[in-house]
Amino acid sequence: MHSLRYFLGCLVFASSSLTPLFAADGKFVPLFNGKDLSGWVNVDCAPSTWSVRDGMIFCTGVPTGVLRTTRHYENFILELDWKHLHKGGNSGLFIHSAPVTARGEPFTKAIEVQVLDGDDPKGLWTGHGDVFAIHGATMVPDRPHPGGWMRCLPSERRSHPAGEWNHYRVESRDGRLTLAVNGKIVSGATKCNPRKGYICLESEGGEIYFRNLRIQELPSSHPPANEVAEMNQDFVSLYTGVDLSGWQSAPGHRGHWTPKDWILDYDGQSEAADKNLWSTKEFGDFVLIADWRFTAKPVTKSVPLILANGDYATNADGSRKMVEVPDAGDSGIYVRGSTNAEVNIWNWPVGSGEVYHYRVNQSLSPAIRAGVTPRLKADAPLGEWNRFVITMRGDRLSVELNGKLVIENAQLPGIPARGPIGLQHHGFPIQFANLYIKELN
Numbered sequence: 208m209h210s211l212r213y214f215l216g217c218l219v220f221a222s223s224s225l226t227p228l229f230a231a232d233g234k235f236v237p238l239f240n241g242k243d244l245s246g247w248v249n250v251d252c253a254p255s256t257w258s259v260r261d262g263m264i265f266c267t268g269v270p271t272g273v274l275r276t277t278r279h280y281e282n283f284i285l286e287l288d289w290k291h292l293h294k295g296g297n298s299g300l301f302i303h304s305a306p307v308t309a310r311g312e313p314f315t316k317a318i319e320v321q322v323l324d325g326d327d328p329k330g331l332w333t334g335h336g337d338v339f340a341i342h343g344a345t346m347v348p349d350r351p352h353p354g355g356w357m358r359c360l361p362s363e364r365r366s367h368p369a370g371e372w373n374h375y376r377v378e379s380r381d382g383r384l385t386l387a388v389n390g391k392i393v394s395g396a397t398k399c400n401p402r403k404g405y406i407c408l409e410s411e412g413g414e415i416y417f418r419n420l421r422i423q424e425l426p427s428s429h430p431p432a433n434e435v436a437e438m439n440q441d442f443v444s445l446y447t448g449v450d451l452s453g454w455q456s457a458p459g460h461r462g463h464w465t466p467k468d469w470i471l472d473y474d475g476q477s478e479a480a481d482k483n484l485w486s487t488k489e490f491g492d493f494v495l496i497a498d499w500r501f502t503a504k505p506v507t508k509s510v511p512l513i514l515a516n517g518d519y520a521t522n523a524d525g526s527r528k529m530v531e532v533p534d535a536g537d538s539g540i541y542v543r544g545s546t547n548a549e550v551n552i553w554n555w556p557v558g559s560g561e562v563y564h565y566r567v568n569q570s571l572s573p574a575i576r577a578g579v580t581p582r583l584k585a586d587a588p589l590g591e592w593n594r595f596v597i598t599m600r601g602d603r604l605s606v607e608l609n610g611k612l613v614i615e616n617a618q619l620p621g622i623p624a625r626g627p628i629g630l631q632h633h634g635f636p637i638q639f640a641n642l643y644i645k646e647l648n
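Be aware that the sequence shown starts at 208, since it is given in this note's numbering, and climbs by one per residue.
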């Protein structure tokens, strides 16, 4: 009798449009324990953005960013319920995600499953289960998009409006992705790349609840390395997106060093005695990720040419050789609390990444001065986002700019063993974003 009741109960359970057919087979495991966010990492949001309420994950939607799993997933069946609290709410589910956000973006490279309330009047996107590639990921949508986008629009409109629960079932099999909305497959894609990575929940302005997150892993097809997202490298965000927690915010900074969602905006006009913005924590050896871009309208400026050895190029009469360039400002990132150890951000032909005070110090050896001079210019066009990856080990500095190594193992004699990170004031407007640090032994 008990077995019959169990069997009938399973049939009823499986027949619900909001319930998976695999519920009774014992292969699903929770992705969320209902008590805390164990198994999840707050990538770039404020501590208050993600929380647990009444056995559900709650997201404030502020700032824009993501919460990701602590481990990779490849082939699987993933199920969850979601509910927007307000009309027009926006969120998302990322599949096969990178561990940190893409350059100049608050989101990761991933395949996104849209979690949205509302439709585009032009028919280019919907709130009923779009699937699309973002920030460098690729896929082939099941149906051509009217705008030619790498996006699959749903075959039916099945999502319930804000205030009501919806159920998503996502299947990932060897680069093939399908999405069922409230019990029926409506969208999908093939040739997803990456096809293995993290799973993320998205914060994008709207209050939302998630519940009943569970996953059934399927056998691996052992994808090649170029179809696998990067692994977590233990980077921690230095910026909350809502305030200057973790930074020495002097009263004179107010209104000048300004949090603007995922962007930390500086107008170049701080009124503090020390106009630079310093982290409250000191760091020794580390790897720092920092995105930046100039926001001022470029003007033509005459600047010196710098040779590979760090010297200024000269004319026949011994004067400095100058060249005109579009210029939008000057800034930098200080390491270990030293204003001499500045990884420069500017528009000179030598490129960003040089360490000015070491390069111009004639008392240092030619090898040291050449070492802090960029080997190439890797800056993005003015107004576009750039990404520094700055590594400090002992007194040695390496700088990667936009994926290119511009400074390699340069020696910085006399640099302190520890100190704060500083964002430099130089009187020009600039924006920073995606500030992450990984401390090394």
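All residues carry an ideal CB built from backbone N, CA and C; glycine is no exception.
For this session: Using the Cα positions of L630 and H460, report the straight-line distance between them to the nearest angstrom.
Result: Going from the Cα of L630 to the Cα of H460 covers about 12 Å.
For this session: Please go through the same chain and pick out, in chain order, the residues whose beta-carbon is closer than 6 Å to the beta-carbon of D537, but skip the five residues on each side of it.
Result: Cβ neighbours of D537 within its own chain (closer than 6 Å, five residues either side excluded): W553, H633, F635.
For this session: Using only alpha-carbon positions, find the residue among P627, T256, P533, H367 that is nearest to G158.
Result: Outside the displayed range of the chain (208 to 648) lies residue 158, so it cannot be described from this structure.
Problem set entry | Span of the alpha helix (DSSP H), counted from its first residue to its last, around I575 | Residues 573 to 578.
For this session: Using the Cα positions of G578 and S477, report the straight-line distance between them to the nearest angstrom.
Result: Rounded to whole angstroms, G578 to S477 spans 33 Å at the Cα level.
Exercise. For K316, which residues does DSSP report across the bridge?
Worked result: Answer is none; K316 lacks a bridge partner.
Problem set entry | N282 classed as buried or exposed, judged by whether at least 16 other C-beta atoms fall within 10 angstroms | N282 sits buried, since 16 or more C-beta atoms from the chains shown fall within 10 Å of its C-beta.
Exercise. Can you name the residues that DSSP bridges to N291?
Worked result: Correcting the residue type first, residue 291 is His in the shown sequence and not Asn. Partner(s): I415.
For this session: Counting only the same chain and skipping the five closest in sequence on each side, list residues whose C-beta sits under 7 Å from that of A309.
Result: Within the same chain, and ignoring the five residues on either side of A309 in sequence, the residues whose Cβ sits closer than 7 Å to its Cβ are T315, K316, H342, G343.
Exercise. Should S410 be labelled buried (16 or more other beta-carbon atoms within 10 Å of its own) or exposed?
Worked result: That one is buried.
For this session: Could you tell me the distance, in whole angstroms, from the CA atom of S443 to the CA atom of R527?
Result: Looking at the sequence itself, residue 443 is Val, so the reference to Ser does not match. Each residue's alpha carbon lies about 43 Å from the other.
Exercise. Based on the DSSP output, what are the partners of W372 in its beta bridges?
Worked result: None, per the DSSP bridge assignment.
For this session: Pick out whichever of L384, L331, H279 has its Cα sitting closest to the Cα of V347.
Result: Check the Cα spacing between V347 and each of L384, L331, H279: the tightest is with L384.
Exercise. What's the gap between the Cα of C399 and the Cα of P351?
Worked result: C-alpha separation (whole angstroms): 15 Å.
Exercise. So, do the segment 531 to 551 and the segment 611 to 627 have three or more beta carbon pairs nearer to each other than 8 Å?
Worked result: Touching, yes, given that three or more Cβ pairs across the two stretches are closer than 8 Å.
Problem set entry | Collapsed DSSP secondary structure at Y563 in the structure displayed | The answer is helix: DSSP assigns Y563 an H, G or I state.
Exercise. Between which two residues does the beta strand (DSSP E) harbouring Q631 extend?
Worked result: Where Q631 is concerned, there is no enclosing beta strand (DSSP E), given that its DSSP letter is neither H nor E.
Problem set entry | Reduced DSSP category for P458 - H, G, I as helix; E, B as strand; rest coil | In the displayed model, P458 falls within a helix according to three-state DSSP.
Exercise. What residues are listed by DSSP as bridge partners for G539?
Worked result: Beta-bridge pairing by DSSP links G539 to N551.
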